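Heads up, the thing below is written out as structure tokens.
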Amino acid sequence: MIDLPPKLDLAQIPTPLQLLNRVSKELGVNIWVKRDDLTGSVLSGNKVRKLEFSLAQALREGCDHIITCGGLQSNHCRATALLGAQLGLSVTLVLRGHAEEVADGNFLLDRLSGATIKTFAPRDYTQNLTSILEAEANAVSEQGGKAFVIPTGASDGVGIWGYVAAAKEMQEDFNRHRILPSHVVMATGSGGTQAGLSLGAHLLGWETQILGMAVCDDENYFLRKVREDIDECTQRYGLTTNSEDVSVSVNDRYVGPGYAQADDEVFEMIAKLASTEGIVLDPVYTGKAFYGLVSEIKSGRLTGVRDVVFVHTGGVFGNFPFKQRFA
Ligand SMILES: Cc1ncc(COP(=O)(O)O)c(C=O)c1O
Numbered sequence: 010m011i012d013l014p015p016k017l018d019l020a021q022i023p024t025p026l027q028l029l030n031r032v033s034k035e036l037g038v039n040i041w042v043k044r045d046d047l048t049g050s051v052l053s054g055n056k057v058r059k060l061e062f063s064l065a066q067a068l069r070e071g072c073d074h075i076i077t078c079g080g081l082q083s084n085h086c087r088a089t090a091l092l093g094a095q096l097g098l099s100v101t102l103v104l105r106g107h108a109e110e111v112a113d114g115n116f117l118l119d120r121l122s123g124a125t126i127k128t129f130a131p132r133d134y135t136q137n138l139t140s141i142l143e144a145e146a147n148a149v150s151e152q153g154g155k156a157f158v159i160p161t162g163a164s165d166g167v168g169i170w171g172y173v174a175a176a177k178e179m180q181e182d183f184n185r186h187r188i189l190p191s192h193v194v195m196a197t198g199s200g201g202t203q204a205g206l207s208l209g210a211h212l213l214g215w216e217t218q219i220l221g222m223a224v225c226d227d228e229n230y231f232l233r234k235v236r237e238d239i240d241e242c243t244q245r246y247g248l249t250t251n252s253e254d255v256s257v258s259v260n261d262r263y264v265g266p267g268y269a270q271a272d273d274e275v276f277e278m279i280a281k282l283a284s285t286e287g288i289v290l291d292p293v294y295t296g297k298a299f300y301g302l303v304s305e306i307k308s309g310r311l312t313g314v315r316d317v318v319f320v321h322t323g324g325v326f327g328n329f330p331f332k333q334r335f336a
């Protein structure tokens, strides 16, 4: 039994669990995809599950303004901006990068949402993010509002409930399909999806390995970050779980050139999956992670493989700014 904290109903869930027939045949392993790219049309992806809890907390605290941050093409910022519009909350996005002259992908949708957008040069953003967010929150207070700051990717002790809840949903998928997956694999960018699934798997007593494929940063960084999120959650909500007892696995072999930079193989994988299974990944998160998963299976490095579940965490809009790479 897992008692979830109160949440808003914002995501189109449960999402389907779909078997990839042709890829499974090719690899000789059943590959299932948890279709979290279908959690909403413009709210698509993993973020809306986390934001159901983060925004519920914001409303409980009487906030009328949401501030959050991420890269210029952040899926999380796009989902937050549009949910803010849906809920009648003001939103400020603090974005890393230079505003595109012609807005594309998520940044275009941010613009349409009516959110206040502030862009910062990457170095300034990285060095001063905490003080930038504080200054934005103070500016809201000075105007008589109350701001709620959601950290990068809503990956904290509140947001990770989204994927604890998703683990519960997946338990029902597994029962329905009569499978006991050996691995559940996902892209790890700020760590919250993995933290939630790892905590959920622990609380549900799964023997399944929850494996995060890093898309930026290295294994040690994410081992620490995922445990930090779990610790924050257990302390805040008074759970008796010790994060050291939660199994956390990260593979950082497929980060490639860096965050939001991918090798040709990733673009080829995106095109292949779209044409063979009708599923569209993205070059920043899911394409890298899925390419990594297939490579690990083919090389025999992933051991004890039975049924494997890949969590499709969305990101479709992230393809458009890379249109040249598909040429
Ligand atoms: C499409 C997509 N997939 C995966 C991730 C990674 O999830 P997390 O930030 O929870 O590690 C993100 C965000 O960072 C994302 O936007």
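FYI, in our numbering the residues of the sequence shown are 10 to 336.
Even for Gly, the Cβ is constructed at its ideal location relative to N, Cα and C.
Nothing here was measured: the structure is a model prediction, and the numbers come from that model.
Query raised in the report: Excluding sequence positions up to five away, which residues of its chain have a Cβ less than 6 Å from the Cβ of Gly209?
Result: Val173 and Ala176
Query raised in the report: Smallest Cα separation from Asn39: which of Asn30, Asp46, Asp45 and Leu47?
Result: Asn30
Query raised in the report: Where does Ser150 fall in DSSP's three states?
Result: helix
Query raised in the report: If you check the beta carbons only, do Gly323 and Cys242 fall under 7 Å apart?
Result: no
Query raised in the report: How long is the line joining the alpha carbons of Leu189 and Phe183, rounded to whole angstroms?
Result: 6 Å
Requested in this report: Indicate, with yes or no, if ligand 1 has a heavy atom lying under 6 Å from the CB of Ser199.
Outcome: yes
**Report entry** Presumed contact (8 Å Cβ cut-off) between Lys59 and Gly171, rounded CB distance
**Finding:** 4 Å
Query raised in the report: When you compare only the Cα positions, how much space is there between Glu305 and Ser50?
Result: 31 Å
Query raised in the report: Is Asn328 closer than 7 Å to Asp273 when the C-beta atoms are compared?
Result: no
Report task. Closer than 6 Å by C-beta to Val194: which residues in its own chain qualify, once you throw out the five before and the five after it? Chain order, please. Result -> Leu220, Leu302 and Phe319
Query raised in the report: Got a sec? Which residues, its chain only, sit under 6 Å from Ser99 by beta carbon, not counting five neighbours each side?
Result: His74
Query raised in the report: Does the count of Cβ pairs from the segment 275–283 and the segment 236–252 closer than 8 Å reach three?
Result: no
Query raised in the report: Where DSSP assigns a beta bridge to Leu104, which residues make up the other side?
Result: Gly79 and Thr128
Query raised in the report: For Asn30, which of helix, strand or coil comes out of DSSP?
Result: helix
Report task. Compute the minimum distance between the beta carbon of Asn260 and the heavy atoms of ligand 1, and state whether it is under 6 Å. Result -> no
Requested in this report: Report the three-state DSSP secondary structure of Trp41 (helix, strand or coil).
Outcome: strand
Query - Boundaries of the alpha helix (DSSP H) in which Ala223 is found, first to last residue - result: It is not in any alpha helix (DSSP H) - Ala223 instead sits in the beta strand (DSSP E) that spans Gln218 to Ala223.
Query raised in the report: Ends of the beta strand (DSSP E) at Met195?
Result: His192 to Thr197
Requested in this report: Look up Asn251 in the DSSP assignment and say whether it is helix, strand or coil.
Outcome: coil
Query raised in the report: Which same chain residues, not among the five before or five after Val32, have their C-beta less than 8 Å away from its C-beta?
Result: Ile40, Leu282, Thr285, Glu286 and Val303
Requested in this report: Just tell me which of Lys234, Gln66 and Thr295 has its CA closest to the CA of Phe157.
Outcome: Gln66
Report task. Return yes when at least one heavy atom of ligand 1 lies under 6 Å from the C-beta of Ser164, else no. Result -> yes
Report task. Rounded to whole angstroms, what's the CA-CA distance from Ile288 to Ser150? Just pull it up for me. Result -> 44 Å
Query raised in the report: Where Ala204 and Tyr134 are concerned, what is the direct C-alpha to C-alpha distance, given to the nearest angstrom?
Result: 25 Å
Query raised in the report: Say the cut is 6 Å; is the CB of Gly301 nearer than that to a heavy atom of ligand 1?
Result: no
Requested in this report: Under 8 Å Cβ to Cβ from Ser191, same chain only, skipping five residues before and after it: list those, please.
Outcome: Thr217, Gln218, Gly313, Val314, Arg315, Asp316 and Val317
Query - Own chain partners of Pro330 with C-beta closer than 7 Å, once the 5 adjacent residues on each side are dropped - result: Gln82, Asp113 and Gly114
Query raised in the report: Between the Cα of Ala124 and the Cα atoms of His186, Leu142, Arg87 and Glu181, which residue gives the shortest distance?
Result: Arg87
Query - Beta-bridge pairing of His85 - partner residues as DSSP gives them - result: BP columns for His85 are empty, so no partner.
**Report entry** Residue closest to Gln21, alpha-carbon to alpha-carbon, out of Thr48, Arg185, Lys234 and Ile141
**Finding:** Thr48
Query raised in the report: Which residues in the same chain as Glu228 place their Cβ atom closer than 6 Å to its Cβ, once the five residues preceding and following it in sequence are excluded?
Result: Val259 and Asp261
Query - Nearest residue (CA-CA) to Gln270, options Lys234, Asp240, Cys225 and Ala280 - result: Cys225
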